[in-house]
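Going by the working numbering, the sequence shown opens with residue 4, and the numbers climb by one from there.
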Amino acid sequence: MGESLSGGRGDGVGTGTLCGMKPKVRKLWLVLHVVSSVGWLGVTVGMLVLALAAFDAPQLYEAMSLLGDLVVLPLALTALGTGVVLSLGTKWGLVKYRWVLVKFVLTVVAVVATTFSLRSGLHEAADGVVGAAGADVLVASCVSLTLYTFNTVLSVFKPWGRTRWA
Ligand code: HEM
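What follows is the structure, given as structure tokens:
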């Protein structure tokens with residue numbers, strides 16, 4: 004693993020806090036963050052499988068549309084929200100470390116794409132407005148999976164050091 008939270012300036016070591024966030028509070032936020040963000044990754048695998056099956060069974064778009072609204076979107080917003088809270092509440096900051104900044108930008112792009120493109124595409128497919136949305140959903144799921152896996156790798160290895168704003 005890269006840089007740890009127990010080193011460096013401004014990490015609150017000796018005060019029992021990490022830039023204002025108490026260790027137990029940070030761990031609770033971290034649990035919520037990992038559950039939501041990795042859950043988002045998991046449900047994307049489910050979407051991929053459903054998108055493949057929907058080529059032969061278009062009625063599955065209804066289930067995918069429900070999953071998009073009730074599972075994917077809440078998980079995406081929770082992953083982004085808890086990530087921002089953790090960044091601002093610890094020494095990592097939102098723009099101080101390259102790995103955090105890259106995750107932030109990629110996740111904002113993914114949340115916007117999920118909200119406005121994936122969900123509306125699924126609603127149209129479920130309503131029968133568009134005939135074959137399968138290929139689009141398939142591509143979107145593959146891109147999303149790659150992105151979330153990349154974010155997970157960044158979170159564990161924490162590469163590339165500090166930015167000029169650190
Ligand atoms: C798909 C999106 C995301 C995934 C899959 C993801 C995954 C993870 C994982 C697995 C960890 C735990 C790493 C460890 O403890 O070794 C983590 C920690 C962290 N993530 Fe994310 N994350 C995502 C989005 C974000 C966003 C958008 C931000 C910031 C805006 C962010 C900021 C952080 C920070 C600061 C930590 C370290 C927290 C700490 O150790 O106190 N993450 N993330």
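Glycine included, each C-beta is placed from N, C-alpha and C at the ideal position.
On a predicted model such as this, the values are computed, not experimentally measured, just so you know.
1. Cβ of L171 within 7 Å of Cβ of M67?
2. Three or more C-beta pairs under 8 Å: does that hold for the stretch 84–101 against the stretch 24–36?
3. Express the C-alpha separation of A57 and G11 in angstroms, rounding to a whole number.
4. Can you tell which of F160, S40 and V142 has the C-alpha that lies nearest to the C-alpha of V87?
5. Tell me whether the beta-carbon of V114 lies closer than 7 Å to the beta-carbon of L83.
6. Just the C-alpha distance for L69 and V140, rounded to the nearest angstrom, thanks.
7. Does the distance from the CB of N154 to the CB of K106 come in under 7 Å?
8. Distance check for V48 and L104, CA to CA, integer angstroms please.
The answer reads as follows:
1. Residue 171 is absent from the structure shown; the chain starts at 4 and stops at 169.
2. Flag = yes, the stretch 84–101 and the stretch 24–36 touch.
3. Model confidence at G11 stands at a pLDDT of 39, short of 50, so the residue's coordinates are unreliable and nothing is read from them.
4. Among F160, S40 and V142, the Cα nearest to that of V87 belongs to S40.
5. In contact: V114 and L83 (Cβ atoms closer than 7 Å).
6. 14 Å
7. With respect to K106, N154 sits close: the two C-beta atoms are nearer than 7 Å.
8. 25 Å
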